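Count the sequence shown with the numbering used here and you get residues 766 to 945, in order. Here a beta-carbon is modelled for each residue, glycine too, at the ideal position from N, C-alpha and C. Being a predicted model, the structure only gives us computed values, none of them experimental. One structure is given here, and the rest of the page talks about it.
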Amino acid sequence: MYIKTILKVAAVFIGCFIAGGLLLPAEFELSRSIAIAAHPVKVHLQVGELTQWQAWWPWDRKRGTKTLTPGPITSGPGATLSWTGKPRPGEVVLIKTSPTEGLEYEVLLAGNAKPYKGKFIYHATEQGTVLELVVSGRFETPITGPYLATLCDSMHGGMLDWGLENIKELVESDKREIFF
């Protein structure tokens, strides 16, 4: 009788877990921003040039990425940056770029059918730039994907904050002057 009760409770738990996975949204969107005391063009020198990403890329230090390798084009639409190592290989591809407005990119991870989307948006202010980072996508894994989407902010939000802090430090310490 004791074993039957345990099996019934386990079946209810598993059923609820599956139902939750079928009902929760699999899409996620993370958004973070930071104020930087610099013109958007100066921010773009750090963000729009993929050879600079190694200096602020948060996943490199947090997850043990072995190598970031820029492609033959390192800025502008079509520029690529690939990596190997943990958690899995992948590639960033720049889709749109503007030195005053920001850039859009896709993240292609090995094993994913669809890319994740990302945007750096430059909001010019009197004090400089508010840099906004937006990352969105969909977890395609049945049942568990929606749970991962729900937890995405708590799992990755801190790394986005850390990356933005790194960008801020690099841009504000850059002594090059921008002339218009």
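T862 sits buried, since 16 or more C-beta atoms from the chains shown fall within 10 Å of its C-beta.
About 11 Å separates the beta carbons of A802 and E934, which is beyond the 8 Å limit, so they are not a contact pair.
Each residue's CA atom was taken as its position, placing V812 and E897 some 12 Å apart.
Within its own chain, the residues whose Cβ lies closer than 7 Å to the Cβ of H921, once the five positions on either side in sequence are excluded, are L795, listed in chain order. Going by beta carbons, H804 and L868 fall outside the 9 Å limit.
Counting only residues of its own chain and dropping the five nearest sequence neighbours on each side, H888 has a CB closer than 6 Å to the CB of V895.
By alpha-carbon distance to E814, the top candidate from T890, I860, F793 is I860.
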